[in-house]
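Notes follow the structure.
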Amino acid sequence: MTGDSHVWAKRLLVLGAGPGQLGLLEAARQRELYVIAADREPGAPGFPLADRRALISAEDEPALERLASAEEIDGVIAPGIDWSVAIAARISAKLGLPHPLSVESAQLAVSKLRQRERFAEAGLPFAKYAVASRGEEAEAAAAELGFPLVVKAPDRQGQRGLALARGREELESAVEQALAASRSGLCIIEQLELGREATVIGFSLDGRYHALAVTDRRSAAAPAFGVSLEHAWPSSLGQAELEETIGIAGRAAAALGIEQGPSYVQVIVGERGPLVVELAARLGGGHDAELVEAALGIELNGLALAASLGETIDPEALVPRALVGGACTRFLVAPEGELVAVHGVEEASALEGVKRLRLYREPGYVFTAFRSRSDRAGSLLVLGPDQERAVARAREAANLIRFEVAGSSAPD
Ligand SMILES: Nc1ncnc2c1ncn2[C@@H]1O[C@H](COP(=O)(O)OP(=O)(O)OP(=O)(O)O)[C@@H](O)[C@H]1O
Ligand SMILES: [Mg+2]
Numbered sequence: 084m085t086g087d088s089h090v091w092a093k094r095l096l097v098l099g100a101g102p103g104q105l106g107l108l109e110a111a112r113q114r115e116l117y118v119i120a121a122d123r124e125p126g127a128p129g130f131p132l133a134d135r136r137a138l139i140s141a142e143d144e145p146a147l148e149r150l151a152s153a154e155e156i157d158g159v160i161a162p163g164i165d166w167s168v169a170i171a172a173r174i175s176a177k178l179g180l181p182h183p184l185s186v187e188s189a190q191l192a193v194s195k196l197r198q199r200e201r202f203a204e205a206g207l208p209f210a211k212y213a214v215a216s217r218g219e220e221a222e223a224a225a226a227e228l229g230f231p232l233v234v235k236a237p238d239r240q241g242q243r244g245l246a247l248a249r250g251r252e253e254l255e256s257a258v259e260q261a262l263a264a265s266r267s268g269l270c271i272i273e274q275l276e277l278g279r280e281a282t283v284i285g286f287s288l289d290g291r292y293h294a295l296a297v298t299d300r301r302s303a304a305a306p307a308f309g310v311s312l313e314h315a316w317p318s319s320l321g322q323a324e325l326e327e328t329i330g331i332a333g334r335a336a337a338a339l340g341i342e343q344g345p346s347y348v349q350v351i352v353g354e355r356g357p358l359v360v361e362l363a364a365r366l367g368g369g370h371d372a373e374l375v376e377a378a379l380g381i382e383l384n385g386l387a388l389a390a391s392l393g394e395t396i397d398p399e400a401l402v403p404r405a406l407v408g409g410a411c412t413r414f415l416v417a418p419e420g421e422l423v424a425v426h427g428v429e430e431a432s433a434l435e436g437v438k439r440l441r442l443y444r445e446p447g448y449v450f451t452a453f454r455s456r457s458d459r460a461g462s463l464l465v466l467g468p469d470q471e472r473a474v475a476r477a478r479e480a481a482n483l484i485r486f487e488v489a490g491s492s493a494p495d
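Reading the sequence shown from the start, the letters are residues 84 to 495 in this note's numbering.
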């Protein structure tokens, strides 16, 4: 982008410049856009992709609002992070900017509790749950619901405040964690649902919901309970389950009044059929858009950009054309410690089907114990003739990559 084009380019504020925003920032760079990225981390990996970096937390609403006014932005987007979705909608409403979500829909979407109230009204199925603000309430809820239970903060994501309580002895700390993370002083306690997990990646256009892709989600076990390690396409669900799952995702979007823009719905398909875990009214933070583009030729990041600027979208742009038979996003996990070097990158990248390898952190970054999404070290996007082969290749590639941290020895 030349200096001159900045005068004419539309100005977009992107909330967050972390791993979850990389794909959108890259897509924005390929367009004639002037991008202001806001993130509180000076080392955020997405900053080099922006025209202007603002060291402001993506959750600091007053500061973001001032920035948005001063920068005379044309639109604002919060890809890959949840709470900021409502901030983006409120700032747009205040500044009179076009925005895909109404303030009301955005506010419903960022609360696991409020969205569930709407899902209940719409007759959508979800895990049995209770709400607690204190230990005793949690104990009473647990007695009613029975173990194992999942405890979560209603207004957080990325596994912050999320824990599995297999029995009474794990309940107290799970509740403490969730309440400490909670913005509302409440936590959700719900039954652990066993089954296969799916993500329905969707896009709404003028009130019509389009399910673009359904992926299998494979998540880590405790203590990193719930952290997604793999998204694989196409879904392994049978035809009837798949249709039911897609139907539920569309109803979930409708229940929250989502008429425009990207969303994804997490579903667990168990004995009772598909249950909604939650809906996010945004692009997924696990490079979902890149998988959709590589597998189906739909430029989902570009569509999200267009929606955030109020541009007209041609429905043709949502029509999938399968480019491959299978695709897998596999996340990389590093050992604890200060990153010294990453080995095996060339070997992994040279494997058949490996389309993209991302390393989220530079040497010097200190990895803490793997507990939540933000602890992931990188990702691979791998294609194959079908899901199984894409997954097998992705795991093989991931196994070739070694994170050398201070104190550990470099591989030979
Ligand atoms: N009731 C449940 N039964 C079984 N698994 C669950 C349940 N709730 C959450 N999980 C597991 O934890 C993962 C994350 O749950 P949830 O989406 O509620 O938390 P989150 O912090 O928003 O995570 P993310 O940001 O990855 O979506 C789910 O994908 C699933 O693997
Ligand atoms: Mg979630």
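Don't be surprised by glycine CBs; every beta carbon is placed ideally from N, CA and C.
* **Cβ-Cβ distance between residue 167 and residue 108 below 7 Å** => no
* With DSSP as the reference, please indicate the residues paired to residue 414 in a beta bridge. => 462
* Cβ-heavy atom distance between residue 225 and ligand 1 below 6 Å? -> no
* Can you tell me the Cα-Cα spacing of residue 127 and residue 154, whole angstroms? -> 21 Å
* Among 329, 446, 177 and 437, nearest to residue 423 - alpha-carbon criterion -> 446
* With residue 310 as the anchor, note down where its alpha helix (DSSP H) starts and where it stops. => Note, residue 310: premise wrong, no alpha helix (DSSP H); not H, not E.
* **Check whether residue 271 and residue 212 have beta carbons under 7 Å apart** => yes
* **residue 96 in three-state terms, based on DSSP** => strand
* **Residue ranges of each beta strand (DSSP E) within the stretch 196-280, 3 or longer** => 212-215, 232-235, 246-248 and 270-274
* Is any heavy atom of ligand 1 found at a distance shorter than 6 Å from the C-beta of residue 273? -> yes
* To do: Assign residue 407 to one of three DSSP states: helix, strand, or coil.
  => coil
* To do: Quick one: residues in its chain with C-beta nearer than 7 Å to the C-beta of residue 480, no 5 flanking neighbours on either side, listed in chain order?
  => 431, 434, 437, 463 and 465
* Asked: Regarding residue 313 and ligand 2, is the C-beta to nearest heavy atom distance less than 6 Å?
  -> no
* Asked: How many Å lie between residue 133 and residue 399 at the Cα?
  -> 29 Å
* Going by beta carbon distance, what residues of the same chain come within less than 7 Å of residue 429, once the five residues before and after it are set aside? -> none
* Between residue 95 and residue 157, which are expected to be in contact by the criterion C-beta below 8 Å, what is the C-beta distance as a whole number of angstroms? -> 7 Å
* To the nearest angstrom, how far is it from the Cα of residue 151 to the Cα of residue 230? -> 47 Å
* Let me know the secondary structure DSSP gives residue 330 once reduced to three states. => helix
* **With 16 other Cβ atoms within 10 Å as the buried cut-off, status of residue 298** => buried
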